[in-house]
Each structure stands twice: as structure tokens, then as C-alpha cells.
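Chains as they are written, first to last, in the UniProt record's numbering: chain L, 1 to 89; chain A, 1 to 89. Note that beta-carbon positions come from the ideal geometry of N, C-alpha and C, so glycine has one too.
There are 2 protein chains.
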Amino acid sequence: MNNLFKALNDSTRREILEILKDKDLTAGEIADQFNISKPSISHHLDLLRQAGLVVSVKDGQYIYYSLNTTVMDEMLKWIISLQSHKNKS
Amino acid sequence: MNNLFKALNDSTRREILEILKDKDLTAGEIADQFNISKPSISHHLDLLRQAGLVVSVKDGQYIYYSLNTTVMDEMLKWIISLQSHKNKS
DNA sequence: AAAGTATTTAGATATTTGTCTAAATATATA
DNA sequence: TATATATTTAGACAAATATCTAAATACTTT
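Structure (C-alpha cells):
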């Protein structure tokens, strides 16, 4: 879960996930939505990929990124397990 | 949500939350469970408190920490909203 | 009041992180 | 094949972070 929490601990990366919610996009299309250089966005995409939160597929000179939410299942379970905690004594 | 993801992006802090799941504990009792200095644990507790994930109550010379999971509601909603994304076209 | 215990604050340091520009790689097109 | 486009890799740098030791604060006990 380390990589996952690390990937989510950045507002730019969280925004990337949000825009991928609607539609798969190329790296360039993603970068166009931020005031950050393309190499920086590329680096963010790499961290998201390492966490498994996005999947990349090459199509010609483009690379399409898409959201993968299944990796969050374990994290969700962890959070929910915390929520069922003891009551005040 | 920034403070929340930041607080969760550290395995020591996540472990602290796990041990507080069972029982409220003093700062010292928490520190005893880690091979990390007390000041460092104190700092971790401060970050958890800033995120609202723990609440501290002073009792004499002790400070009791307890888990507060309600602050994760917004985060959970955000994660779940990501999960209902478009299907592959 | 003095000494002991619990915890935090202050300040230092090494590591990690987010960002940039410049260069490299890969594909497409004229 | 030469040029343009899309993306990443490399290397640098400033800011943030996790940790430490030493000192300060606050409470308790003798």
C-alpha cells in the first residue's frame, strides 16, 4: 500500500485520476490540462503507473493512459477496518 | 484532503492508527511500540492530529490519543467516485 | 521544594520529492 | 530521408520530510 498512498499524496496526481475517470487520454492531452511541464507530468504518470492506478497502452506515437481503480480495494478494506474500532470506554 | 493523504503516506503513522483501533493510548505507550525516538513519534502524532485522524486529551501528565475515523468520509467518497468510471469503449 | 516522569519544542541533517530545462527515443509525415 | 510530433530520460535544484539529540515545559511524588 506504500506506493498507493504515495501516489495519492499529491493533488496533481489526484486530478489526473479525476480527468481519466471520464475518458482515456494521451500523455500530451493530460499535460495540456496543467500548468506544469510535460516531463513533470510524465513523472507523475510514472508514479501512478507504479502504484497501478493507471495503465498505459502505446498506440503509434501516442501513449494512452487509463484509470485502474481495482488496486484501491486493499486500501479501502484497510480504511474500513479502521472505521470499525472500539467505542469510548 | 491534502493533510489526510499526507498523514496516511507513512507506514509508521498508519501503524499508529492500527494500534489505536483497539485502545486509546498515551504518547509514551505508543512510542514504546516503535524503534523510533519519542520526539519523532510525537511529531507523527502531531501530523495525525493536524489531519484530524487522532484526538488528544490531556490527563494529568499523560496525553491520551484516540482514533477518529470520521474525517475519512470525504476521502472515501472521493475514492468511490473514482471507482464508478466509464467503461472501455 | 527538589527530583522524577511524560511529552513536546528546537535545531540539525540526510533523504525524498516536485519541478525545471536539455537531450534522447520513437513514430509519423512530407 | 529529413523534419515534425509525442513522450520519456537525465541531471540539477529547491522544498518538504523523517529522523535524531538536547533542551524546555508540565505534572507528580517524595
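- With respect to the 9 Å criterion, Y64/A and L17/A are not classified as neighbours on the basis of their beta carbons.
- Boundaries of the beta strand (DSSP E) harbouring I63/A: Y62 to L67, taken from the DSSP string.
- Beta-carbon to beta-carbon, K38/A and N9/L are separated by about 25 Å, too far to satisfy the 8 Å threshold.
- Here the stretch 78 to 87 of chain A lies against the stretch 53 to 73 of chain L, with 3 or more beta-carbon pairs under 8 Å apart.
- V54/L and K58/A have their C-alpha atoms spaced approximately 44 Å apart.
- Along the stretch 65 to 89 of chain A, going in chain order, the ones with a CB nearer than 7 Å to a CB of chain L are L67, T69, M72, L76, I79, L82, Q83, H85 and K86.
- Every alpha helix (DSSP H) stretch that sits fully inside the UniProt domain "HTH arsR-type" (1 to 87) of chain L and reaches 4 residues is listed by chain position as 2 to 8, 11 to 22, 27 to 31, 38 to 50 and 72 to 83.
- Residue H43/A holds the alpha-carbon nearest to the alpha-carbon of R13/A among G28/A, M75/A and H43/A.
- For the set Q50/L, E15/L and I79/L, the Cα lying nearest the Cα of D32/L is the one of E15/L.
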